[in-house]
Amino acid sequence: MVSFLLRGIAVAAMAAFVMGACPNKCSGHGTCGANDVCNCEQNWVNADCSGRLCPFARAWQDTAKYNNDAHYYTECSGRGYCDRSTGVCQCDNDFTGSGCRRMRCPNDCSGHGVCYFIEELAVMSSDQRIGGNAAFTTFSSWEREKIQGCKCDPGWEGYACNLRVCPKGDDPLTVNDPVYTSVAQVDQYQAIILTGATASTFVLKYQDPDGNTWTTSAITSTAPSDATPALVPTAAPLTCTAIANALQMIPNLALYSTTLSGEGQISVTPGTANPITRTPPNAPTGVLGTAVPNDLTHISCIVAFPAGPGTTGYQFPLICDTVAHTAAGSQPMSAGTANTCQVVEHYPPGGTAAAIVTAPYTELAPCSNRGVCSGDSGECTCFPGHKGLACELQEALV
């Protein structure tokens, strides 16, 4: 019996000796294993388990270990070093986040924009402040949640949103586009087409060249026929007038006007809509669609307004919103409609349809291509012989 107890004491002493042989007793974050090696708990490293492990994320760059298996997980994404005392990555410049997993937006968008992941920017690619290809709205590559970019506030541009937007206008020296020398440039017209035999309630949205998005108050149309074909000629003018009044109420000369009232600058008239489809939307040529006249189930209003000094140029189409916005706090309040409302490019009057469809737009260019834009002030310095807010006018050189 005594011998058995002595052997037990000896074994216990040896176990204590083994534990004591592991460095720093594994710092309380592991167990001492064979050969005096610590088996560290999760998120602890070093020979004595004294260091914290930092977050792992997809490597910004690495050597591929297998076919189709690059950008594998690595500590701090390979773009920083790990502070073992805290388990927090100290990221290289321009990298941030847990494990340095994402890039910073340049200069935090200078206080004039919002930072988004590249996959989010792809969804918004048709937005004027993004300037992407509207045909590609998804981005699924490995860096989709790593690279970030700025969506600038209205009136600001540049990769860091650090430059003011200058006025845009028509180049006074381009009578004909150099690619299409046989046809004159054309202004852009839009047609609003309401389809349905009943009255409609809707709002219009417009994005101006500075990137502002404006929404009108609710617009109520007249029913195309009121069940009386004789009233068709009356319904369209009333609806077009209501649209014109709503657009003229948009503040700050957003629908560019040389007069404070905007009178005479915005034209909304009834007429047969002649749709054009251009791909992409600002392409110099297009394909004609089917004409839509005013009849028992349609109201077509032709809309024209300057997008900038001396030009309608290319505009982002008006958006017709027929969804009901009736919840408390909605702005604007609108009853909506079951009818459809479509906005199309309309080929303008004058000339033959074929010639119009192959005609490029008048320019909507910074400083009308006839001056230098100051990103600091947002003002144009015009070349000699040119003047105006956007250098869109010519003057005699004396």
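Mapped onto mature numbering (1 follows the signal peptide of the UniProt record, and there is no 0), the consecutive letters of the sequence shown carry residue numbers -20 to -1, 1 to 378.
All C-beta atoms, glycine included, are put in the ideal place defined by N, C-alpha and C.
Keep in mind that this is a model prediction, so the values were computed, not measured.
Next item on the list: Would you mind sorting W122 into buried or exposed? The rule is 16 or more other CB atoms within 10 Å of its CB.
Entry: What you label residue 122 is simply residue 142 of the sequence shown in a count that begins at 1. By the neighbour-count rule (16 or more Cβ atoms within 10 Å), W122 is not buried but exposed.
Checklist line | Same chain, Cβ closer than 8 Å to E375, neighbours up to 5 away in sequence not counted | finding: As a working note, residue 375 is residue 395 in the sequence shown. So the list reads G365, H366 and K367, once near-sequence residues are dropped.
Notebook entry, point to check: Measuring CB to CB, does N225 end up less than 8 Å from P250?
Noted result: Looking up residue 225 in the sequence shown gives position 245. Looking up residue 250 in the sequence shown gives position 270. Remark: C-beta atoms of N225 and P250 do not approach each other more closely than 8 Å.
Note to self: Measuring only the C-alpha atoms, how far is W194 from L235?
What the structure shows: Numbered from 1 along the sequence shown, position 214 holds the residue referred to as residue 194. Numbered from 1 along the sequence shown, position 255 holds the residue referred to as residue 235. Between the C-alpha atoms of W194 and L235 there is a straight-line separation of about 10 Å.
Next item on the list: Return the chain-ordered list of same chain residues with a C-beta closer than 6 Å to the C-beta of T238, the five sequence neighbours on each side being excluded.
Entry: The count along the sequence shown starts at 1 and reaches residue 238 at position 258. Model confidence at T238 stands at a pLDDT of 48, short of 50, so the residue's coordinates are unreliable; what they give is reported in the following sentence. Cβ neighbours of T238 beyond the five flanking positions: none.
Margin query: Am I right that F119 and I98 are in contact with their C-beta atoms under 8 Å? What's the rounded C-beta distance?
Written below: Translated into positions along the sequence shown, residue 119 becomes position 139. Translated into positions along the sequence shown, residue 98 becomes position 118. Beta-carbon to beta-carbon, F119 and I98 are separated by about 5 Å, close enough to satisfy the 8 Å threshold.
Check: Quick check: the region 292 to 306 against the region 171 to 188, are there 3 or more CB pairs under 8 Å?
Finding: Result yes; three or more Cβ-Cβ pairs closer than 8 Å.
Checklist line | Stretch-stretch touch, CB-based, cutoff 8 Å, three pairs: the region 310 to 323 with the region 169 to 182 | finding: A contact exists between the region 310 to 323 and the region 169 to 182.
Checklist line | Touch test, the region 354 to 365 against the region 136 to 145, Cβ-Cβ under 8 Å, three pairs minimum | finding: Verdict: yes, contact present.
Checklist line | Within the region 269 to 340, ranges of the alpha helix (DSSP H) (whole runs, at least 4 residues) | finding: Here the runs fully enclosed are 333 to 337.
Checklist line | Same chain only: Cβ atoms within 6 Å of H51, ignoring 5 sequence neighbours per side | finding: Taking the first residue of the sequence shown as position 1, residue 51 is located at position 71. The answer, listed in chain order, is R38, A39 and W122.
Next item on the list: Could you tell me which of C360, E343 and R350 sits nearest to V166, measuring between CA atoms?
Entry: In the sequence shown, counting from the first residue as 1, residue 166 sits at position 186. Comparing Cα positions, the closest option is E343.
Margin query: Could you compute how far the alpha carbon of C362 sits from the alpha carbon of A215?
Written below: Within the sequence shown, numbered from 1, the residue matching residue 362 stands at position 382. Within the sequence shown, numbered from 1, the residue matching residue 215 stands at position 235. Near 47 Å, if we compare the C-alpha coordinates of A215 and C362.
Margin query: For the alpha helix (DSSP H) containing V103, name the first residue and the last one.
Written below: Against the sequence shown, residue 103 aligns to sequence position 123. Residue range I98 to V103 is occupied by the alpha helix (DSSP H) that includes V103.
Note to self: Which same chain residues end up closer than 8 Å to D88 when comparing Cβ atoms and leaving out the 5 residues on each side of it in sequence?
What the structure shows: In the sequence shown, the residue the question calls residue 88 occupies position 108. Within its own chain, the residues whose Cβ lies closer than 8 Å to the Cβ of D88, once the five positions on either side in sequence are excluded, are C95, listed in chain order.
Notebook entry, point to check: Does the count of Cβ pairs from the region 122 to 131 and the region 255 to 274 closer than 8 Å reach three?
Noted result: Taking 8 Å as the limit for Cβ pairs, the verdict is that the region 255 to 274 does not touch the region 122 to 131.
Margin query: Can you tell me whether G91 is helix, strand or coil according to DSSP?
Written below: Here the question's residue 91 lines up with position 111 in the sequence shown. Correct three-state label for G91: helix.
Checklist line | is_contact[C56, chain C] using C-beta, thresh 8 Å | finding: Checking the listed chains, one finds no chain C in this structure; it contains a single protein chain.
Check: Per DSSP, which one or two residues make a beta bridge with T265?
Finding: The residue given as residue 265 occupies position 285 in the sequence shown. Note: T265 sits in no beta bridge, so no partner.
Margin query: Using only the alpha-carbon positions, how far apart do E243 and Q228 sit?
Written below: If you number the sequence shown from 1, residue 243 lands on position 263. If you number the sequence shown from 1, residue 228 lands on position 248. Its pLDDT being 45, under 50, E243 is placed unreliably by the model, and the measurement read from it follows with that caveat. Rounded to the nearest angstrom, the two C-alpha atoms are 8 Å apart.
Notebook entry, point to check: According to the neighbour-count rule (16 or more other Cβ atoms, all chains shown, within 10 Å of its Cβ), is K148 buried or exposed?
Noted result: Within the sequence shown, numbered from 1, the residue matching residue 148 stands at position 168. It counts as buried.
Note to self: Using C-beta distances below 7 Å, list every residue in its chain close to N4, excluding the 5 sequence neighbours before and after it, in chain order.
What the structure shows: Translated into the one-based positions of the sequence shown, residue 4 becomes position 24. So the list reads D28 and S30, once near-sequence residues are dropped.
Notebook entry, point to check: What residue from T257, G288 and S280 has the CA that sits closest to Q245's CA?
Noted result: If you number the sequence shown from 1, residue 245 lands on position 265. When T257, G288 and S280 are compared, the shortest CA-CA separation from Q245 is found for G288.
Notebook entry, point to check: For M104, which residues from the same chain have a beta carbon less than 6 Å from its beta carbon, with the 5 sequence-adjacent residues on both sides left out?
Noted result: In the sequence shown, the residue the question calls residue 104 occupies position 124. Sequence-distant partners of M104 (beyond 5 residues in either direction) whose C-beta falls short of 6 Å from its own C-beta, in its chain, are I110.
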